[in-house]
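Here's the structure, in structure tokens; my notes come after.
In the working numbering, the protein residues as written are 5 to 178.
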């Protein structure tokens, strides 16, 4: 369905409609310690995804001495030192087909470069979206989680981590 058709539908129902363009940003970090991903279903999984979160918000990942502050982060083990990390971010509205194209491109890219430890793709749904995964009602008034992260590894392994809304409806007591 064409985005202009969706806009026309809302406009015909007296909603304010404005153009929202997709945006691209990029950052490069040099000489960085990154976690390796080992699918072990224990704390190393949690630590790996936590590192991705700290990196994506441009948190301090320097490997200076250990501090006792809550805001200090230290890369977990197992980890490796790399010369460069690329972070590419697109914001805006993307169709399922476009996400599938990005998925396929990243999968092919990591398979063609056996020196890469992994590549990740994080897709954040809108917190106030009407629906979530599997066309379930998205109860954004209670929590609003609606995202997933995909980790691609050179040997073809793909790991998907989904963060879902609880889908619990607000109870109104009268």
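Just so you know, even glycine gets a beta-carbon here, dropped at the ideal spot from N, CA and C.
Inter-residue Cα distance where the pair is residue 30 and residue 58: So the alpha carbons of these two residues sit roughly 16 Å apart.
Stretch-stretch touch, CB-based, cutoff 8 Å, three pairs: the segment 48-55 with the segment 97-113: No, the segment 48-55 is not in contact with the segment 97-113.
Beta-carbon contacts of residue 127 that lie in its chain and below 7 Å, excluding the five residues immediately before and after: Once the five neighbours on either side are set aside, the close Cβ partners of residue 127 are 103, 151 and 152.
Which of helix, strand or coil DSSP assigns to residue 111: Residue 111: helix per DSSP, three-state reduction.
Continuous alpha helix (DSSP H) stretch holding residue 15: start and end: Start and end: 7-16.
Bridge-paired residues (DSSP) for residue 20: For residue 20, which the question treats as bridged, DSSP gives no partner whatsoever.
Contacts around residue 91, its chain only, beta-carbon distance under 8 Å, and the 5 residues preceding and following it disregarded: The answer, listed in chain order, is 30, 31, 32, 33, 59 and 60.
Outcome for residue 39 when other beta-carbon atoms lying within 10 angstroms are tallied against a minimum of 16: Buried: at least 16 other Cβ atoms inside 10 Å.
Beta-carbon proximity check, residue 24 vs residue 129, cutoff 8 Å: Their beta carbons are not under 8 Å apart, which means residue 24 does not touch residue 129 by this criterion.
Pairwise C-alpha distance: residue 13 and residue 123: Roughly 38 Å between the two C-alpha positions.
Reduced DSSP category for residue 126 - H, G, I as helix; E, B as strand; rest coil: Strand.
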